[in-house]
Amino acid sequence: MLSVFNTAQAIATVVALSLSIFYFYRMLAVRDDNEFLRWRARLWKLGIAAAVMLFIFALAALFILPA
242 MLSVFNTAQA
252 IATVVALSLS
262 IFYFYRMLAV
272 RDDNEFLRWR
282 ARLWKLGIAA
292 AVMLFIFALA
302 ALFILPA
């Protein structure tokens, strides 16, 4: 029963942090007239969001799932 709770807690943590990253990404919407600069900024933000999500998944795998 405890391992089911730990797994559910890990999943809920990852989902909550992923949603917070998504809302942070939307908050920093790019407003620029130059199409190239707009896409470059979007790719940078997407890369940063992906790196943060990988970090969160690594933390979840290291600290939450083995418990």
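Each residue of the sequence shown is one higher than the last, beginning at 242 in our numbering.
In this text, a Cβ means the ideal position worked out from N, Cα and C, and glycines have one as well.
1. Looking at residue 259: is its Cβ nearer than 9 angstroms to the Cβ of residue 297?
2. Under 8 angstroms Cβ to Cβ from residue 255, same chain only, skipping five residues before and after it: list those, please.
3. Compute the Euclidean distance between the alpha carbons of residue 305 and residue 286, then round it to the nearest angstrom.
4. Where residue 253 and residue 267 are concerned, what is the direct C-alpha to C-alpha distance, given to the nearest angstrom?
5. Roughly how many angstroms separate the alpha carbons of residue 276 and residue 257, rounded to a whole number?
Reading off the structure:
1. Inclusion of residue 259 and residue 297 in the CB contact set at 9 angstroms is warranted, their separation being smaller than that value.
2. 297, 298 and 301
3. 27 angstroms
4. 21 angstroms
5. 32 angstroms
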